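Going letter by letter, the sequence shown gives residues -25 to -1, 1 to 193 in mature numbering (1 follows the signal peptide of the UniProt record, and there is no 0). Please read the structure below before turning to the comments.
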Amino acid sequence: MASGCGAVFITAAVLLMLGPPAAKGNFLYFKPGQEYQYRFTSDTSMKGIDKFSLAAKVGYTNIGEDEDSQEIYLHVPELSLVAGTGKSSGNVLDDWDMAKWFSFKLSRRGEVTTVYHDPAEDDHKLAMKKGFAGLLASRLHDSHETDLVREHPKGWTYDVKEFGHEGHHDATYVARLDKEGNHVFLKTRSQHPLENARSNYTKVYTHRYTKVYTHRYT
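Take a look at the structure:
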């Protein structure tokens, strides 16, 4: 990996109750009151600084909803850090409290529109929680939305401007239906909002029959 670049990998398979048909833009829906847990790992290399690795278990719970969005409470039950080639710190939550309130509004298309947090939260912890919220962020549009989407050899495509916790960026989505009627989205950033940083793609996969949702970043 080149100096100054970071790569993030997350793989998860969680049961979701899917919302009404995607024709209404309801791609994502978490069952109220049920925590969905993801395991997250990341490796970051910076010029002149050792490699840093992070591993976490992150829980997401729907604590309220309206017609357009859900409020998701974020819980971090496990967090470990490794600097350089050293041994893992183990769970650092005893020394690094992540228990202060953090929740966010998530639209049925995957947009994070609002965050709620303790105003006294440490800036570094707040940035990490915003990053965990951003793992679910996306802009999902169906093929019938002709004011935005264009035909593509694999299905349909569209370009959007997105704003995450790290700043603005342009993104292109290529979407298709697989043989079982699942929506598969491939997202590519034209550039990373952070100087000298890099991200390759995001794949979001929603299964409308088995109600399994997987999310992978590389």
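Even for Gly, the Cβ is constructed at its ideal location relative to N, Cα and C. Quick caveat, the model's predicted, so the values are computed rather than measured.
Note down the Cα distance separating residue i from residue j, rounded to an integer number of angstroms.
i	j	result
D145	V87	16 Å
R114	A95	31 Å
G8	F77	16 Å
K105	L49	10 Å
D98	F107	14 Å
A74	S55	15 Å
Y133	R125	6 Å
D72	M103	12 Å
D43	S28	36 Å
E10	K136	30 Å
G39	Y13	20 Å
D122	N157	22 Å
G130	D18	33 Å
H15	N37	It is Phe, not His, that sits at residue 15 in the sequence shown. Distance between the alpha carbons of F15 and N37 is about 20 Å.
H127	R83	24 Å
E155	D41	30 Å
V51	D70	14 Å
What does a CB cutoff of less than 8 Å around residue i pick up in its chain, not counting 5 residues either side in sequence?
i	result
Y111	Just to set this straight, residue 111 is Leu in the shown sequence, not Tyr. These residues qualify, in order along the chain: L3, Y35, I47, L81, G85, V87 and H190.
L101	F77 and H92
Does the beta-carbon distance from residue i to residue j come in below 7 Å?
i	j	result
F5	Q45	yes
Could you tell me which residues DSSP puts in a beta bridge with residue i?
i	result
N37	P7 and I47
K32	R14 and E53
A108	Its beta-bridge partners do not exist; DSSP assigns none.
S118	Beta-bridge pairing links S118 to no other residue.
L152	H158
A58	F27
L126	The sequence given here has Glu at residue 126, not Leu. Paired residues: W131.
R164	A146
S78	Y48 and Y91
H137	The displayed chain sequence assigns Glu, not His, to residue 137. In DSSP, E137 forms a bridge with H144.
Can you give me the Cβ contacts of residue i inside the same chain, cut-off strictly under 7 Å, excluding the 5 residues immediately before and after it?
i	result
D153	V159
For residue i, which residues from the same chain have a beta carbon less than 6 Å from its beta carbon, with the 5 sequence-adjacent residues on both sides left out?
i	result
V90	F79
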